[in-house]
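In full-length UniProt numbering, the protein residues as written are 1 to 158. Below: the structure, in structure tokens.
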């Protein structure tokens with residue numbers, strides 16, 4: 001099985017919608033208080049704006065001309081001040097492999113590509129957020145060498 005990783009293009013939008021829906025449906029399921037059901041969680045105009053934004057990078061995994069995975073990233077810089085050092089990071093805003101193609105090395109290939117891309121940008125780190133409920137994703141991220149940096153906590157008020 002040959003997995004090819006490339007930059008996304010505007011013509012990929014329709015093929016990526018099922019992956020965007022898959023990610024969004026998970027979030028709606030675990031946090032319906034935060035996420036709305038929406039059949040188009042990423043609108044085409046938003047997607048196209050991401051593609052033309054020099055700080056955002058979307059890569060797709062392709063097997064035999066079928067899009068089977070996507071990773072959406074964004075460069076961010078923390079400006080130095082009296083409290084923190086300056087640093088440049090690449091944020092992974094979304095990573096999804098089609099349910100029918102999981103456990104085939106696609107996620108690993110996508111993340112390796114992003115790690116190499118981050119090195120080419122000379123970022124200090126690659127970071128992402130993951131729901132505590134998404135235990136399979138947490139295990140995957142640990143398996144590729146990522147560690148927990150911080151944790152967001154909340155208390156729900158009436």
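C-beta: ideal position from N, C-alpha, C; glycine also.
Tell me the residue span of the alpha helix (DSSP H) that contains residue i.
i: residue 112; result: 106-121
i: residue 159; result: No statement about residue 159 is possible, as the shown extent of the chain runs from 1 to 158 and does not include it.
With a threshold of 7 Å on Cβ separation, who are the neighbours of residue i within its own chain once the five nearest residues in sequence on each side are excluded?
i: residue 38; result: 24
i: residue 96; result: 19, 22, 23, 69, 70
Of the residues the options, which one's Cα is nearest the Cα of residue i?
i: residue 147; options: 129, 102, 67, 133; result: 129
i: residue 140; options: 3, 29, 108; result: 108
i: residue 101; options: 66, 155, 89, 154; result: 66
i: residue 61; options: 51, 46, 72, 106; result: 106
i: residue 11; options: 137, 44, 78, 136; result: 44
i: residue 103; options: 84, 143, 6; result: 143
i: residue 1; options: 63, 131, 55; result: 63
Note down, in chain order, each residue of its chain lying with its Cβ closer than 8 Å to the Cβ of residue i, except the 5 sequence neighbours on either side.
i: residue 134; result: 26, 30
i: residue 5; result: 59, 60, 61, 62, 109, 110, 113
Could you please give the first and the last residue of the uninterrupted beta strand (DSSP E) stretch that includes residue i?
i: residue 74; result: 66-78
i: residue 88; result: 87-97
Counting only the same chain and skipping the five closest in sequence on each side, list residues whose C-beta sits under 6 Å from that of residue i.
i: residue 42; result: 20
i: residue 125; result: 89
i: residue 77; result: 88
i: residue 57; result: 73
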